[in-house]
Amino acid sequence: MSVAEYLINSLLGICVVFFALILLIAIIVIMTKLNISDEPRKPKNAAPAAAPAAVAMPAAPAMDVPLAPGTAGDLKLYNTDPRDAAMIMAIVADELQKPLNELRFISIREITPDQEIAPDQE
Amino acid sequence: MDNALGILSRLWETSGFFLLVSDWRQLLMIVIALFLLYLGLVKKFEPLLLVGIAFGMLLVNLPGSNMYHPELWDGYIAGNVTITEIFHEGGLLDILYIGVKSGLYPSLIFMGVGAMTDFGPLIANPKSLLLGAAAQLGIFAAFLMAGLIFQFDPNVAASIGIIGGADGPTAIWLTSKLAPEYLAPIAIAAYSYMALIPLIQPPVMRLLTTEEERKIKMDQLRPVSKKEKIIFPIVVTVFVCLLLPSVAPLLGCLMLGNLFKESGLTDRLSDTAQNALMNIVTIFLSISVGGTALYDRFLTPQTIFIIVLGLIAFEFATMGGLLLGKLMCKITGGKINPLIGSAGVSAVPMAARVAQKEGQRANPSNFLLMHAMGPNVAGVIGSAVAAGFLLAVFGG
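For the protein sequence lines, the chains are D and L, in the order given.
Numbers 1446 to 1567, taken from the numbering used here, label the letters of the first sequence in order.
Numbers 24 to 419, taken from the numbering used here, label the letters of the second sequence in order.
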């Protein structure tokens, strides 16, 4: 194969990869536009749902259920999404090389840049 | 007395110890196999595969073991030997190697990978597919160098290039079809560099990005519905396999495994694909790939060139992803952290974890893992497409 053939094949190859993946982007965008979701679609002209009857429902009694054996208890989240919190806990467990069930997280708080503690203040 | 000495002498001459000292290269291969075992067992470099590969290498290089006969496979490629003859005359590893040669094992491994992969981050941020495509630059850069500088045949150059896809099963699948004689060095280079991603990528990441870019925090990804996750593998299979039919075995199995996982109705199949089947195939694949590393075929200057080109392929792949990441960062006004581009090299999930670590190094409150998973799984699709292209062009 000549140098030109090598170059053409390489260029064609990377173009095919980009073309295939751009095609997939288009498919995903179309899927998103079609609003494929798990929730059933609301009919366009449906009358607004009637306001719930103001029936005084008795509040569920606050049950003081004992925690299950082995549980780590409650985790308090401040400005943190549960999904992020789950990821943070997984990363910490991985970094410490300890199983997640051997660690106890008390709370997770998002620290903004102005709240960050300088290393010499620790 | 003379008779007894004669028997002992014949026993010694037919023993492996006698044959071993007759050719130093076998001894060297045993040392290399033991070193790879050390890397797998002690240093934990991809132990699930490297241990099997190293042990296969050890077995075939023990003189007299007769477990693998490359001459039979040469005859099969030339059309002089049939599969039936291989069954009759071959050793254990010849029979296991049929699964490599037919492309069975890499495809089944891909089914397990699909059953373990969450395409959610990719569907939530489809732009990350571009990063997965850019990171395939390594494949074509190594292909060019292998062909133009190191003067490999085009089909061998294509097999060497695919190391840059950082995807073991894809590399084995393509190499077994285009350049089976180089299967062992290419597979070993691919898996070794995948294990070394935490060492290979960070210097390039720091070189090509600024501190400010690495600090960029990305917006949270949108939730992806179950229906989207179910439809995705089906449409990807249809469109990509229509575009490149040669990639159907790999991509089809990847997406079938993912459909098992996402449908929610085939949990047993998903569990089998990602555990029992994956483990069985990994054993067969690793030992038969290691078995192709016979001393007279492995100890050549070409093996060293392949190891060097593999590293170059990985570095170019990382650079490709990072450079497009930088461009996307500029275009979006700093909404994309370029580090996630480096995860486009496949090597799931190691490359995404490296992007996460580097991002957090620059900004401790930065969590890029989910964002990097998008390009990471896009890289798996991208490398499979690149392999399909190379097979279509050089597969005859």
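Virtual Cβ for every residue (Gly too), placed ideally from N, Cα, C.
* Boundaries of the alpha helix (DSSP H) in which L/Leu282 is found, first to last residue -> Translated into positions along the second sequence, residue 282 of chain L becomes position 259. Residues Ala271 to Ser286.
* Within 8 Å of chain D by C-beta, residues of the stretch 392-416 of chain L in sequence order -> Listed in sequence order: Leu392, Met393, Ala401, Ile404, Gly405, Val408, Ala409, Phe412, Leu413 and Val416.
* Against chain L: residues of the stretch 1455-1484 of chain D by CB proximity under 7 Å -> For the stretch 1455-1484 of chain D, which is checked against every Cβ of chain L, the residues closer than 7 Å are Ser1455, Gly1458, Ile1459, Val1461, Val1462, Phe1463, Ala1465, Leu1466, Leu1468, Leu1469, Ile1470, Ile1472, Ile1473, Val1474, Met1476, Ile1481, Ser1482 and Asp1483.
* Should D/Met1534 be flagged as near chain L, meaning a C-beta pair shorter than 7 Å? -> In the first sequence, residue 1534 of chain D corresponds to position 89, counting from 1. No, no contact with chain L.
* Asked: Considering only residues of the same chain and omitting the five flanking positions on each side of L/Phe133, which have a CB-CB separation below 6 Å?
  -> As a first step, residue 133 of chain L must be located in the second sequence, where it is residue number 110. Pro192, Leu273, Cys276 and Leu277.
* Asked: Nearest-angstrom Cα distance between L/Arg33 and L/Ser365?
  -> Within the second sequence, residue 33 of chain L is the residue found at index 10, counting from 1. Within the second sequence, residue 365 of chain L is the residue found at index 342, counting from 1. When only Cα atoms are considered, L/Arg33 and L/Ser365 end up about 59 Å apart.
* Do L/Val247 and L/Gly143 have their CB atoms nearer than 7 Å? -> Along the second sequence, one-based indexing puts residue 247 of chain L at 224. Along the second sequence, one-based indexing puts residue 143 of chain L at 120. In this structure, the beta-carbon distance from L/Val247 to L/Gly143 falls below 7 Å.
* Asked: Are the beta-carbon atoms of L/Gly344 and L/Leu153 separated by less than 7 Å?
  -> For the purposes of this step, residue 344 of chain L is taken as residue 321 along the second sequence, with counting starting at 1. For the purposes of this step, residue 153 of chain L is taken as residue 130 along the second sequence, with counting starting at 1. The criterion of a C-beta distance shorter than 7 Å is not satisfied by L/Gly344 and L/Leu153.
* Asked: In chain L, which residues lie less than 8 Å from D/Val1537 when you measure between Cβ atoms?
  -> For the purposes of this step, residue 1537 of chain D is taken as residue 92 along the first sequence, with counting starting at 1. None at all; the shortest Cβ gap to chain L is about 11 Å.
* Asked: Between D/Ile1551 and chain L, is there a C-beta pair that is closer than 7 Å?
  -> On the first sequence, position 106 is the one that residue 1551 of chain D refers to. So, not an interface residue.
* Asked: How long is the line joining the alpha carbons of L/Val304 and L/Leu160, rounded to whole angstroms?
  -> Indexing the second sequence from 1 puts residue 304 of chain L at position 281. Indexing the second sequence from 1 puts residue 160 of chain L at position 137. Distance between the alpha carbons of L/Val304 and L/Leu160: 30 Å.
* Exposed or buried, L/Glu69, counting other C-beta atoms within 10 Å across all chains shown (16 or more means buried)? -> Counted from its first residue, the second sequence places residue 69 of chain L at position 46. By the 10 Å Cβ count, L/Glu69 comes out buried.
* Asked: Hey, is D/Pro1503's beta-carbon within less than 7 Å of any beta-carbon in chain L?
  -> Position 58 of the first sequence, counting from 1, holds the residue named residue 1503 of chain D. The pLDDT assigned to D/Pro1503 is 45, lower than 50, so where the model puts this residue is not dependable; a value taken from the coordinates is nonetheless given after this. Not an interface residue.
* Asked: DSSP state of L/Lys252, grouped into three classes?
  -> Here residue 252 of chain L corresponds to residue number 229 of the second sequence, with the count starting at 1. Here L/Lys252 sits in helix by DSSP.
* Cβ of L/Val104 within 7 Å of Cβ of L/Gly98? -> As a first step, residue 104 of chain L is located in the second sequence; it is residue number 81 there, counting from the start. As a first step, residue 98 of chain L is located in the second sequence; it is residue number 75 there, counting from the start. Cβ distance < 7 Å, so L/Val104 and L/Gly98 count as in contact.
* Asked: In or out: L/Thr315 buried (at least 16 other Cβ within 10 Å) or exposed?
  -> As a first step, residue 315 of chain L must be located in the second sequence, where it is residue number 292. That one is buried.
* Looking only at C-alpha atoms, which of L/Leu322, L/Met139, L/His394 and L/Gly188 sits nearest to L/Leu334? -> Counting from one through the second sequence, the residue named residue 334 of chain L turns up at place 311. The option with the nearest alpha carbon to L/Leu334 is L/Gly188.
* Asked: Does the distance from the C-beta atom of L/Val408 to that of L/Leu145 stay below 7 Å?
  -> By one-based count along the second sequence, residue 408 of chain L stands at place 385. By one-based count along the second sequence, residue 145 of chain L stands at place 122. No, they are not a contact pair.
* Under the three-state reduction of DSSP, which class applies to L/Lys150: helix, strand or coil? -> Translated into positions along the second sequence, residue 150 of chain L becomes position 127. Shown here, L/Lys150 sits in coil according to DSSP, grouped into three states, outside any helix or strand.
* Which one of L/Gly137, L/Ala340 and L/Ala271 has the shortest CA to CA distance from L/Tyr216? -> Counting from one through the second sequence, the residue named residue 216 of chain L turns up at place 193. Taking L/Tyr216 as reference, the option from L/Gly137, L/Ala340 and L/Ala271 with the minimal CA-CA separation is L/Ala340.
* **Cutoff 6 Å; reference D/Arg1646; Cβ partners in own chain excluding five residues on either side** => Lying outside 1446 to 1567, the shown extent of chain D, residue 1646 of chain D is not represented and no answer is given.
* Asked: Taking Cβ to Cβ, would you say L/Ala164 is nearer than 7 Å to L/Gly402?
  -> Residue mapping note: residue 164 of chain L aligns to position 141 of the second sequence, counting from 1. Residue mapping note: residue 402 of chain L aligns to position 379 of the second sequence, counting from 1. No. Outside cutoff.
* To do: Would you list the one or two residues that DSSP bridges to D/Tyr1523?
  => In the first sequence, the residue the question calls residue 1523 of chain D occupies position 78. BP columns for D/Tyr1523 point to D/Arg1554.
* To do: Helix, strand or coil for D/Pro1506, going by three-state DSSP, please let me know.
  => Numbered from 1 along the first sequence, position 61 holds the residue referred to as residue 1506 of chain D. For D/Pro1506, the predicted model reports a pLDDT of 46, less than 50, meaning its position is unreliable and no value from the coordinates is stated.
* Shortest alpha-carbon distance to L/Val123 belongs to which of L/Ser199, L/Ile220, L/Asn360 and L/Asn89? -> One-based indexing of the second sequence puts residue 123 of chain L at position 100. Taking the Cα of L/Val123 as reference, the smallest distance to any Cα among L/Ser199, L/Ile220, L/Asn360 and L/Asn89 is reached at L/Ser199.
* Asked: Taking buried to mean at least 16 other C-beta atoms within 10 Å of its own C-beta, is L/Ile100 buried or exposed?
  -> Residue mapping note: residue 100 of chain L aligns to position 77 of the second sequence, counting from 1. The residue in question, L/Ile100, is exposed, as its Cβ has fewer than 16 Cβ neighbours within 10 Å.
* Asked: Just curious, the alpha helix (DSSP H) that D/Asn1454 is in, first and last residue?
  -> Residue 1454 of chain D sits at position 9 when you count from the first residue of the first sequence. Looking at the DSSP string, the run of the alpha helix (DSSP H) that includes D/Asn1454 is Val1448 to Lys1478.
* Asked: Which value, in whole angstroms, describes the spacing of the CA atoms of D/Val1462 and L/Ala410?
  -> Looking up residue 1462 of chain D in the first sequence gives position 17. Looking up residue 410 of chain L in the second sequence gives position 387. Distance between D/Val1462 and L/Ala410, taken at the CA atoms: about 10 Å.
* Asked: If we call anything under 7 Å between Cβ atoms a contact, is L/Glu36 one with L/Met228?
  -> If you number the second sequence from 1, residue 36 of chain L lands on position 13. If you number the second sequence from 1, residue 228 of chain L lands on position 205. Result no, Cβ atoms of L/Glu36 and L/Met228 do not sit closer than 7 Å.
* Please determine if the stretch 388-399 of chain L and the stretch 361-377 of chain L are in contact, where contact requires at least 3 C-beta pairs separated by less than 8 Å. => For the pair of segments examined, the stretch 388-399 of chain L was found to touch the stretch 361-377 of chain L: the number of CB pairs separated by less than 8 Å reaches three.
* Do you know offhand how far L/Glu235's Cα is from L/Leu59's? -> Counted from its first residue, the second sequence places residue 235 of chain L at position 212. Counted from its first residue, the second sequence places residue 59 of chain L at position 36. Cα to Cα, the separation comes out at about 40 Å.
* If we count the other Cβ atoms within 10 Å of its Cβ and call it buried at 16 or more, is L/Cys352 buried or exposed? -> Looking up residue 352 of chain L in the second sequence gives position 329. Classification of L/Cys352: buried, given that the 10 Å Cβ count is 16 or more.
* Kindly say whether L/Phe337, judged by its beta-carbon, lies nearer than 7 Å to any beta-carbon of chain D. => Within the second sequence, residue 337 of chain L is the residue found at index 314, counting from 1. At a cut-off of 7 Å, the C-beta of L/Phe337 has no neighbouring C-beta in chain D.
* Asked: In this structure, does DSSP put L/Ala407 in helix, strand or coil?
  -> Counting from 1 along the second sequence, the entry for residue 407 of chain L is found at position 384. Helix.
* Please confirm whether L/Ile329 and L/Pro208 have their CB atoms less than 7 Å apart. => Locating residue 329 of chain L in the second sequence gives position 306, counting from the first residue. Locating residue 208 of chain L in the second sequence gives position 185, counting from the first residue. Contact flag set, yes.
* To do: Quick one: list the residues of chain L neighbouring D/Tyr1451, beta-carbon separation under 9 Å, in chain order.
  => Within the first sequence, numbered from 1, the residue matching residue 1451 of chain D stands at position 6. Simply Phe166, Leu167, Gly170, Leu171, Pro177 and Ala180.
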